[in-house]
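Below: the structure, in C-alpha cells.
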Amino acid sequence: MEDWQVLQLSALLSAIGFFAWLAHVRKTRPVAVTSTLPEEKTGGNAPDLFQYPVIEALEEFDLPNTPPLPYRPFRWGPNYHITMGLRQGEWKDWIEVRTLNFDEGLDSHFAAYDKLDSRFAEYHSIKAARVQRRGNKCIQSLPARDGIGSGAEAAKEAVYELSEYLSRRYPSVYAVERHQPSLGDFGWYGDGQIKTVTILPLGVTYNLDEEDSMKVAGLLAPDDLALMLPGPDGKHYLQAGSICLAGSWRLEDKIGLPLSAIHTSADVPQYREKLEFSMDRFFSKLQPDKLMLRNNYFFQVVDTDRPVPDTSSSRNVDPKELSWARTALGDEDLFIHGHHATTTSEHEKEKESFTLRPEYIYFRSERQSLRRLPRTGAILFTIRTYYEPVTSLAQESGVPGRMASALRSWPEDVAVYKGQARYKDVLLEYLDRMHEKQVREGTDTGTIKYPF
4 MEDWQVLQLS
14 ALLSAIGFFA
24 WLAHVRKTRP
34 VAVTSTLPEE
44 KTGGNAPDLF
54 QYPVIEALEE
64 FDLPNTPPLP
74 YRPFRWGPNY
84 HITMGLRQGE
94 WKDWIEVRTL
104 NFDEGLDSHF
114 AAYDKLDSRF
124 AEYHSIKAAR
134 VQRRGNKCIQ
144 SLPARDGIGS
154 GAEAAKEAVY
164 ELSEYLSRRY
174 PSVYAVERHQ
184 PSLGDFGWYG
194 DGQIKTVTIL
204 PLGVTYNLDE
214 EDSMKVAGLL
224 APDDLALMLP
234 GPDGKHYLQA
244 GSICLAGSWR
254 LEDKIGLPLS
264 AIHTSADVPQ
274 YREKLEFSMD
284 RFFSKLQPDK
294 LMLRNNYFFQ
304 VVDTDRPVPD
314 TSSSRNVDPK
324 ELSWARTALG
334 DEDLFIHGHH
344 ATTTSEHEKE
354 KESFTLRPEY
364 IYFRSERQSL
374 RRLPRTGAIL
384 FTIRTYYEPV
394 TSLAQESGVP
404 GRMASALRSW
414 PEDVAVYKGQ
424 ARYKDVLLEY
434 LDRMHEKQVR
444 EGTDTGTIKY
454 PF
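Residue numbers for the sequence shown follow the working numbering, beginning at 4 and rising by one.
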C-alpha cells in the first residue's frame, strides 16, 4: 500500500472514531434546552438552560411477572399531620418502575422491583376503554386564554418528554422511530424528534405527528396526567389533562380551575388554613431541573359481587372500580360535583342490599410526581395509583396494627373527606383481629420499613 493510501486510511479511521465518540457523547451527556418560562412566573428562579439528565437504561426485566411497589404511606397514631409531604426525586425514577432502598430483612417477595410492574397492561386497557367511551370527559386540552398558555402546546411538550424518557429508561418496553434532527425539535441529546412510539409488550403504536398529544401521553404510562400552566395572577391553572383512573373526581369538573379551587371544590381538609399559601408558593418557584414526589392513601369499598348491567358496561374492563368508585359514589354520569355521593333511588337500593365485608375494602395509594416542563413552563403532575385488597396488606408484618392506628388518628374533617363512615367499623375490627394474630404468632416484628 502506498504511503498516501496509508495516510488516507488512517484519516478515515480517525474520522469514524471521532463520530462514534460524538454519537456516544450525544446520547449520554445532558443537553441544554433554553427555558422559555418568563422569570415573573417563577419568582425569578427559572434557569436560562435546562440540562436534560442522563437516563440510565434498564435493559432486562420481566414485565408480566413484576409485582407493584409496596407503598404503605400511613403512620402510627395518635397524631395526624396535614402537610404537603413533598420529597425530591431522582430523574431516573420519574415514571415509577424502580426499587427503593428496603431495609435488610425485607421478604424476598419484594426483591426485584427494578421493573415496570404486572399491572401495566390492565391499567392501559382500562384507560383505552375510558378514552373511547368518555372522550373529552377524561381527556382535554384548553386553548390559551387571558394570559394563560395553551394546554395543547403543553400536552405536545409532555408527550415528547414522556416518549423520550420511557424509551431511554425501558428500551425493552418502548421503541421509537425518529425524524432527522432539526433545530429546535423535541429530541433529547441532539437526536431527532420522535415520530412514533411503540409499547412492545402490548403491540400498540402511537404516531406523535398525527394523534392527539394529550391522548397519547395519557396512554403511554400507567399514570394519570395533569398540566398546570401559570397565569398573569401568579396562580396555576389546569389547562390540560388525561384523568382516567382518579376514582372519585372527574376532569370535566376541574378543567380550567386554578390550583386552589381544584382543592377547595373537593373540600380538601384544612386546605385554606394549612396548604394554600405553601402550595401556591411551591408551584410558582418550582424549577425545570427539580423533580418532586409525594404519596397519599385512601380506602375504597367495592362490591365485586354486584352483577354487571350489560355487555357494554365499563365494569367488564374495570370490575374493581379503579377508574370510578361506583359502589361508594354511584353512577359517574349522575355524580354531583362537590358532593360525596349521588342519591339516586337505584344507588340507594344497591347500598341497602350490600353487606360490607373486609374483602370488599381496597387500599388505594397514589404516588405523585411534579416537574416543570422547560419550554412551555407547564407543571406536569403525574398520578400513579396503586390498588390492592386490604386483606392482602394485612398479611404483611406489622401492617394491620399500624394501619388501624393511622385510621384512628384521622381528625373528623379528614375522616369525612376519606369517606371513613363507609368502612370504619368493619375495617377496624378486621385489622385489630389480624394485628392480635400477628402479635400472638410473633410475626408483628415492627422491623420492616416500607417506603413512605
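All C-beta atoms, glycine included, are put in the ideal place defined by N, C-alpha and C.
Measuring CA to CA, which of A397, L165, T379, D236 is closest to E156?
Residue numbering aside, residue 156 sits at position 153 when the sequence shown is read from its first letter. It is T379.
So the candidates are L373, L396, P377; which of them puts its Cα closest to the Cα of I386?
If you number the sequence shown from 1, residue 386 lands on position 383. Of the listed residues, the one whose Cα sits closest to I386 is L373.
So H239 is in the beta strand (DSSP E); what residue range does that whole segment cover?
The sequence position of residue 239 within the sequence shown is 236, counting from 1. Here the beta strand (DSSP E) through H239 covers 239-245.
Return helix, strand or coil for Y389, following the three-state DSSP convention.
Within the sequence shown, residue 389 is the residue found at index 386, counting from 1. Y389 falls in the strand class under three-state DSSP.
Using the C-alpha atoms, what's the distance from E59 back to L103?
On the sequence shown, residue 103 is found 100 positions in, with the first residue counted as 1. On the sequence shown, residue 59 is found 56 positions in, with the first residue counted as 1. Here L103 scores only 31 on pLDDT, less than 50, and its place in the model is too uncertain to base an answer on.
Indicate the three-state DSSP secondary structure (helix, strand or coil) for W327 in the structure shown.
Position 324 of the sequence shown, counted from the start, is the residue given in the question as residue 327. Three-state DSSP puts W327 in a strand.
Kindly indicate the opening and closing residues of the alpha helix (DSSP H) around E164.
For the purposes of this step, residue 164 is identified with residue 161 of the sequence shown, where counting begins at 1. Its alpha helix (DSSP H) spans residues 154-172.
Secondary structure at F286, three-state DSSP: helix, strand or coil?
Start at 1 with the first residue of the sequence shown, and residue 286 comes out as number 283. Residue state, collapsed to three classes: helix.
Just list the alpha helix (DSSP H) runs in the stretch 263-307, keeping only unbroken ones of 4 residues or longer that don't cross its boundaries, in chain order.
Listed in chain order, the alpha helix (DSSP H) elements of length 4 or more contained wholly in the stretch 263-307 are 279-288.
Flag this pair as touching only if the stretch 299-306 and the stretch 74-89 have three or more C-beta atom pairs under 8 Å; answer yes or no.
Output reads yes: the stretch 74-89 touches the stretch 299-306.
Give me whichever residues DSSP pairs with L228 in a beta bridge.
In the sequence shown, counting from the first residue as 1, residue 228 sits at position 225. In the DSSP output, where bridge partners are listed per residue, L228 has S245, T385.
Among residues of its own chain, excluding the 5 on either side of D110, which ones have a beta-carbon nearer than 7 Å to its beta-carbon?
The sequence position of residue 110 within the sequence shown is 107, counting from 1. Summary for D110: the model assigns pLDDT 40, below 50, so the residue's position carries little reliability, and this model does not support an answer.
Does the Cβ of A243 have 16 or more other Cβ atoms within 10 Å, making it buried, or fewer, making it exposed?
Working through the sequence shown from its first residue, we reach residue 243 at position 240. The residue is buried, with at least 16 neighbouring Cβ atoms inside 10 Å.
What's the C-alpha gap between L254 and N139?
Against the sequence shown, residue 254 aligns to sequence position 251. Against the sequence shown, residue 139 aligns to sequence position 136. Each residue's Cα considered, the two are about 9 Å apart.
Can you give me the C-alpha to C-alpha distance between V393 and G195, rounded to a whole angstrom?
Within the sequence shown, the letter at position 390 stands for residue 393. Within the sequence shown, the letter at position 192 stands for residue 195. Approximately 47 Å between the Cα atoms of the pair.
Does DSSP put T394 in a helix, a strand or coil?
Position 391 of the sequence shown, counting from 1, holds the residue named residue 394. DSSP places T394 in helix when its eight states are reduced to three.
By the three-class DSSP mapping on this structure, what secondary structure does I129 have?
By 1-based counting over the sequence shown, the position of residue 129 is 126. Note: I129 maps to helix in three-state DSSP.
Whole angstroms is fine: what's the gap from V305's alpha carbon to D256's?
As a working note, residue 305 is residue 302 in the sequence shown. As a working note, residue 256 is residue 253 in the sequence shown. Going from the Cα of V305 to the Cα of D256 covers about 23 Å.
Output the distance between the C-alpha atoms of I246 and L228, rounded to the nearest integer angstrom.
Translated into positions along the sequence shown, residue 246 becomes position 243. Translated into positions along the sequence shown, residue 228 becomes position 225. For I246 and L228, the distance between alpha carbons rounds to 6 Å.
Spatial neighbours of A331 within its chain, please: CB distance less than 8 Å, with the 5 preceding and 5 following residues excluded, ordered by chain position.
Locating residue 331 in the sequence shown gives position 328, where the first residue counts as 1. The residues are S251, Q303, V304, A344, G422, R425.
Rounded to the nearest angstrom, what separates I98 and P291 at their Cα positions?
Reading the sequence shown from its first residue, position 95 is the one you call residue 98. Reading the sequence shown from its first residue, position 288 is the one you call residue 291. Rounded to the nearest angstrom, the two C-alpha atoms are 16 Å apart.
Between P76 and chain D, is any beta-carbon pair separated by less than 8 Å?
Reference to chain D is not applicable here, since this structure consists of a single protein chain.
Please state if the CB of Y83 and the CB of V271 are separated by a distance shorter than 8 Å.
The residue given as residue 271 occupies position 268 in the sequence shown. The residue given as residue 83 occupies position 80 in the sequence shown. No, they are not a contact pair.
Cβ of W94 within 8 Å of Cβ of L294?
Here residue 94 refers to the residue found at position 91 when the sequence shown is read from its first residue. Here residue 294 refers to the residue found at position 291 when the sequence shown is read from its first residue. Yes, the Cβ-Cβ distance between W94 and L294 is below 8 Å.
What's the gap between the Cα of E362 and the Cα of M406?
Residue numbering aside, residue 362 sits at position 359 when the sequence shown is read from its first letter. Residue numbering aside, residue 406 sits at position 403 when the sequence shown is read from its first letter. E362 and M406: Cα-Cα distance of roughly 16 Å.
Taking the straight line between their C-alpha atoms, what separation do you get for G154 and P377?
Working through the sequence shown from its first residue, we reach residue 154 at position 151. Working through the sequence shown from its first residue, we reach residue 377 at position 374. Going by the C-alpha atoms only, they are around 15 Å apart.
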